[in-house]
Amino acid sequence: MRARRRWVAFLYYAGLIAVTLFIPIAIIAGARARGFDIHYGWFAGILAFLILLAYLIYPSILGRRDE
17 MRARRRWVAF
27 LYYAGLIAVT
37 LFIPIAIIAG
47 ARARGFDIHY
57 GWFAGILAFL
67 ILLAYLIYPS
77 ILGRRDE
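In structure tokens:
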């Protein structure tokens, strides 16, 4: 049972990390493909990355996860 909980926790964190990396890349690529000024895409991508990174790191700093 303990191994299953660790596996589920690993998959959860792996998914969060994948989303944290994918969403900003998708925003930057989408802005570039639509022909918008690339600076807007970079700004939105960096902002999304920081928000998602805070979701990953801040609860660890507090010592708990409140989802």
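Quick note on numbering: this note's numbering labels position 30 of the sequence shown as 46, and the sequence is numbered without any gaps. Where is the CB? At the ideal position from N, CA and C, for every residue including glycine.
- Collapsing the DSSP output to three states places GLY46 in a helix.
- Annotation: PHE65 to ALA47 spans about 15 angstroms, alpha carbon to alpha carbon.
- Taking each of TYR29, GLY61, ILE44 in turn and checking the Cα distance to ILE73, the smallest one comes out for TYR29.
- Between LEU68 and LEU27, the C-beta gap is not smaller than 9 angstroms, which leaves the two residues out of contact.
- A residue is called buried when at least 16 other Cβ atoms come within 10 angstroms of its Cβ; GLY79 does not meet this threshold and is exposed.
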